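Residue numbers (UniProt numbering), protein chains in the order written: chain A, 1 to 131; chain B, 1 to 131. Following: one structure in C-alpha cells, then a few remarks.
2 protein chains.
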Amino acid sequence: MHDDLSPLCGRFLTAADLLGRRWTGVILRILLDGPRRFGELTEAIGTISERVLSERLKDLEAEGIIERHVDVGPPIRSEYRLTQKGQDFWKVIDELGKWAERWVELPPATGSAKGVAAKAARAAPRKRKTA
Amino acid sequence: MHDDLSPLCGRFLTAADLLGRRWTGVILRILLDGPRRFGELTEAIGTISERVLSERLKDLEAEGIIERHVDVGPPIRSEYRLTQKGQDFWKVIDELGKWAERWVELPPATGSAKGVAAKAARAAPRKRKTA
DNA sequence: CAAGTAACTTCCTAAAAGTAAGTAAGTGCG
DNA sequence: CGCACTTACTTACTTTTAGGAAGTTACTTG
Chain A
1 MHDDLSPLCG RFLTAADLLG RRWTGVILRI LLDGPRRFGE LTEAIGTISE
51 RVLSERLKDL EAEGIIERHV DVGPPIRSEY RLTQKGQDFW KVIDELGKWA
101 ERWVELPPAT GSAKGVAAKA ARAAPRKRKT A
Chain B
1 MHDDLSPLCG RFLTAADLLG RRWTGVILRI LLDGPRRFGE LTEAIGTISE
51 RVLSERLKDL EAEGIIERHV DVGPPIRSEY RLTQKGQDFW KVIDELGKWA
101 ERWVELPPAT GSAKGVAAKA ARAAPRKRKT A
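Listed below in C-alpha cells is the structure:
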C-alpha cells in the first residue's frame, strides 16, 4: 500500500505546523492558480477575516513561500505570488484535493451542517475576477 | 506546469480545514505507520497536550478517518487505527514529507531545540509609513 | 488495600481566530 | 480644493481553541 514514510522528524513537524494553521492550505491552493491581490484572496476565500489573511500572508512571506509585490501604478496594488518553495507545494495540495474528491461528501446546502465541515462548507462561493 | 488542480470547492475547504487543525497531520503521519495507543501517540508527538490529543482523536473518529478499538484484555487498552479513508491520506502526508525534506531546514540540532513548531518567526515588519 | 498504570476529563490560563470599525494613500469629480 | 470612494491593511475587542497540570475511572500488582 505504502512503503515507508520517512521518520517523524523536525522537518515534517515544521511543515505540518505550517499547514496546520488555519487557511494556509486554502491560500496556497488559490495562489497555485496564479498571483492574487489581497482583495481577490479575501473574496475567493469568502469566510476568512482580513485580519487573519494579513497575518497568514506575513507568515508565508516570512517562510519564503510567497512574495509580495507592490505595484506602484496609479492605483496602488499589491500582489502575492508563490516562490519556488511555494510552487513546490503543488503536489501536497493536489493530493489533498484528490483525497477530498474521493472522500468528502458535500453536505446539502440547506440544513445544519456541523462541526468541521460546517464552516468550510458554507465558505467561499468561487468567484474569480478575470485580471 | 500544473494546471490540473481541481477548482476550489467545499470538499477542498473541508479537507483543508481538517488538516488545518493543529496536530492533525502529525497524528495521521504516526498512524500511517500502524495502530497506536493513546499513550504512544502522546509520547511520539512529545509536545501535544493530552487534552488536545483526546479532542483531535475524537474529531478524526467523527470524520471516519480513524477508528478506536478498545482492547478488553486484562489490561484495558485502546488503540487507534486508520480507516480506509484515513489510509488514503497517505499520499498527502507523503508529499508533505517530501516537501519538508526539500525545503525545511532543520534548526541547529546542537543547542536548545525550541519547540517543534518553531513559532512563526516574526519577520521584519514591512513598513508602510505608520505614524 | 495502598500504589501504580492507562486513558481520559476537568479546570484554568494563554494564544489564535472572528468581528467590526478605523487608518492611510491614491483617484475621480464637482 | 475637498469630499466620496477604493484598496490594503491595522487596531481594538470578543470568542474559540490550545496548553499545562491536576483529577477521575477502571483495572492490576505488591
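We put the CB at the ideal spot given by N, CA and C, even for glycine. Computed from a predicted structure; not experimentally measured.
Among all the DSSP beta bridges, which residues are the ones paired with residue i?
i: ASP59(B); result: DSSP lists no partner for ASP59(B).
i: GLU67(B); result: ARG81(B)
Please report the straight-line C-alpha distance between residue i and residue j, rounded to a whole angstrom.
i: VAL92(A); j: ILE45(A); result: 19 Å
i: ILE65(B); j: ARG36(B); result: 14 Å
i: VAL104(B); j: ALA62(B); result: 32 Å
i: GLY39(A); j: ASP94(A); result: 24 Å
i: LEU53(A); j: SER49(B); result: 27 Å
i: THR24(B); j: ARG56(B); result: 7 Å
i: ARG22(A); j: LEU41(B); result: 23 Å
i: PHE12(A); j: ASP88(A); result: 15 Å
i: LYS58(A); j: GLN84(B); result: 37 Å
i: GLU67(A); j: ALA16(A); result: 21 Å
i: TYR80(A); j: GLU79(B); result: 44 Å
i: LEU8(B); j: LEU31(A); result: 11 Å
i: GLY86(B); j: GLU43(A); result: 32 Å
i: GLY10(B); j: HIS69(A); result: 30 Å
i: VAL26(A); j: GLY97(B); result: 19 Å
Is there a Cβ from chain A that is less than 8 Å from the Cβ of residue i?
i: PHE38(B); result: no
i: ILE30(B); result: yes
i: LEU82(B); result: no
i: GLY97(B); result: yes
i: THR110(B); result: Confidence in THR110(B) is poor, its pLDDT being 41 and thus under 50, which makes the residue's placement unreliable; the coordinate value appears in the next sentence. So no, THR110(B) is outside the interface.
i: ILE52(B); result: Before going further, note that residue 52(B) is Val rather than Ile in the sequence given. It does not; no Cβ of chain A falls within 8 Å.
i: GLU67(B); result: no
i: GLY25(B); result: yes
i: GLY34(B); result: no
i: GLU101(B); result: yes
i: GLY10(B); result: yes
Give the range of the beta strand (DSSP E) segment to which residue i is assigned.
i: LEU82(A); result: 77–82
Indicate whether at least one CB of chain B lies closer than 8 Å to the CB of residue i.
i: LEU106(A); result: yes
i: ARG21(A); result: yes
i: GLU43(A); result: no
i: LEU57(A); result: no
i: ARG77(A); result: no
i: ASP71(A); result: no
Can you give me the start and stop residues for the alpha helix (DSSP H) that residue i sits inside?
i: VAL26(A); result: 24–31
i: GLU43(A); result: 38–45
i: GLU95(B); result: 90–103
i: GLY10(B); result: 10–19
Apply the 10 Å Cβ neighbour rule to residue i and answer buried if 16 or more other Cβ atoms are within range, or exposed otherwise.
i: LEU106(B); result: exposed
i: ALA100(B); result: buried
i: ASP33(B); result: exposed
i: ASP71(B); result: exposed
i: THR47(B); result: exposed
i: ARG102(B); result: exposed
i: ARG29(B); result: buried
Please determine whether the Cβ atom of residue i lies at a distance below 7 Å from any heavy atom of the ligand FAD.
i: PHE38(A); result: The ligand FAD is absent from the structure shown, which contains no ligands of any kind.
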